[in-house]
Amino acid sequence: MAAPKVKLNNGLEIPALGLGTWQADAEGKCEEAVKYAIDIGYRHFDCAYLYGNEKEIGRAIQDKIKDGTVKREDLYITSKLWNDSHSPEKVVDACKKSLSNFGLPYVDLYLIHWPCGYDSQRGGAIFPSKFSSPSFSIIDTWKEMEKCVKLGLTKSIGISNFNHEQIERLLKHAEIKPVVNQVEVHPNLTQKKLIDFCKQLDIVVVAYCPLGTLGRSRRKDDDPTLVNIGKKYGKTSSQVILRYLVDIGTIPIPKSTNKERLKLNIDIFDFKLTPEEIQTIDKYDNNTRLCSASELQSHPEYPFHLDY
Ligand code: NAP
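All letters in the sequence shown, in the order written, are residues 14 to 321 by this note's numbering.
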């Protein structure tokens, strides 16, 4: 079953659910998982230079185009600029590097992964324990993101992990408006204020870590309230959570490399939660952030010091 599409502020469309690919390369499962996902209807793939698996994903995509399952234009591919490439002279080359990894002439969406740029060797860690100055202006980085659109390297550009103040600042200088802000959203972090703020600006919120603690701990799918809501529709708790994210107007990007769970996660477009059920799930919000990037707390652009 394919996901319906959502219109972006530049007139282009994005599938209403995507496949997350962070940590999908464990045990060499990434390529197979992406091929299987395409076979069962996934068309939107959330990728990033940081995840280190753009080549595997690219091979899977080429394979599925070659065997006639899809055409390039049926797919929606996102990648992200890593923090060590915010320096204006690095942005276009970083985008080209991701394209070369995928073996594609363009991506559909290119995001600034975090508002925190720094000069650093990543080494083995996702975030360095120390980052050296200068930290780069998000405006200067954005100007280069705009260049990526003008050069035809990406159809759209967006941001990730930006707070409302950073979005406001960016919009004052942007020639091309970001189409999405990708942030953590799940029942324990419902992000109401940020979602409302983005909605008013016609910026779509893409929900990462959509399964929240259920995904993180791989704990049993047995929350009694969610199980009960799910029973009414013949769905699991995880499907109820993903549908909740769609119903509050976000685009969830659950990651899985497991065939059964890949099937479950996209099978959420034949039901809709009632306003009362949405309100019940809203009450799970306890401001639990799974990706707090606490290593970046001393960075001048650390996004999570503000309420939203
Ligand atoms: P997630 O998708 O909420 O959870 C993934 C975990 O849940 C995996 O361990 C997966 O294991 C398991 N899982 C998948 N489907 C399940 C189901 N139906 N029931 C129970 N467990 C299930 O978390 P995430 O991967 O952190 O976030 C999703 C995507 O968002 C990432 O892959 C990445 O693309 C993006 N992301 C972006 C940022 C950012 O800074 N922009 C940060 C974090 C994530 P199996 O694979 O074994 O099924």
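Virtual Cβ for every residue (Gly too), placed ideally from N, Cα, C.
All figures in this text were calculated on a predicted structure; none of them were measured in a lab.
Judged by DSSP in its simplified three-state form, S169 adopts strand. Counting along the chain, I74 sits inside no beta strand (DSSP E); it lies in the alpha helix (DSSP H) bounded by residues 67 to 79. Closer than 6 angstroms to some heavy atom of ligand 1: that does not describe the Cβ of S98. The beta carbon of Q179 sits closer than 6 angstroms to the beta carbons of P128 from its chain, once the five residues preceding and following it are set aside; these are given in chain order.
Nearest to V193 by alpha-carbon distance, out of F175, Q204, G116, is F175.
Counting C-beta pairs closer than 8 angstroms gives three or more between the stretch 206 to 217 and the stretch 19 to 33, which meets the contact rule.
For H199, the pairing in a beta bridge is given by DSSP as L202. Taking 6 angstroms as the cut-off, one finds no heavy atom of ligand 1 near enough to the beta carbon of Y246. For N194, DSSP records a beta bridge to I172, V218. In the structure shown, V104 adopts helical secondary structure according to DSSP, grouped into three states. Counting C-beta pairs with one atom in each stretch, the stretch 266 to 283 and the stretch 295 to 302 have fewer than three that are closer than 8 angstroms, which means they do not touch. Between ligand 1 and the CB of T226, the shortest heavy atom gap is not smaller than 6 angstroms.
Segment contact: the stretch 283 to 292 against the stretch 234 to 248, three or more CB-CB distances shorter than 8 angstroms; contact assigned. When distances are taken from the beta-carbon of C129 to the heavy atoms of ligand 1, even the shortest one reaches 6 angstroms or more. Between G65 and the set L88, R56, G41, V83, the nearest pair of CA atoms involves G41. Within its own chain, the residues whose Cβ lies closer than 7 angstroms to the Cβ of K272, once the five positions on either side in sequence are excluded, are Y49, listed in chain order. Sequence-distant Cβ neighbours of I78 in its own chain, meaning closer than 7 angstroms and more than five residues away, are K84, R85. One thing to note: A220 has its Cβ within 7 angstroms of the Cβ of V198.
Assignment of T293 by DSSP, reduced to helix, strand and coil, places it in the helix class. In chain order, Y321 place their CB closer than 6 angstroms to the CB of K206, counting only its own chain and leaving out the 5 sequence neighbours on each side. Relative to ligand 1, Y315 has its C-beta separated by 6 angstroms or more from all heavy atoms. Here DSSP, grouped into helix, strand and coil, assigns P265 to strand. A contact is defined here as three or more CB-CB pairs under 8 angstroms, and the stretch 146 to 159 meets this definition with respect to the stretch 98 to 111.
In terms of Cβ geometry, E69 and E45 do not form a close pair [threshold 7 angstroms]. Restricting attention to E181, L224, K190, A187, the CA atom closest to the CA of L202 is found in L224. Counting along the chain, E26 sits inside the beta strand (DSSP E) bounded by residues 26 to 28.
Exclusion of the five residues before and after G54 leaves M14, A15, I279 as the residues of its chain whose Cβ lies within less than 7 angstroms of its Cβ. When distances are taken from the beta-carbon of D59 to the heavy atoms of ligand 1, the shortest one is below 6 angstroms.
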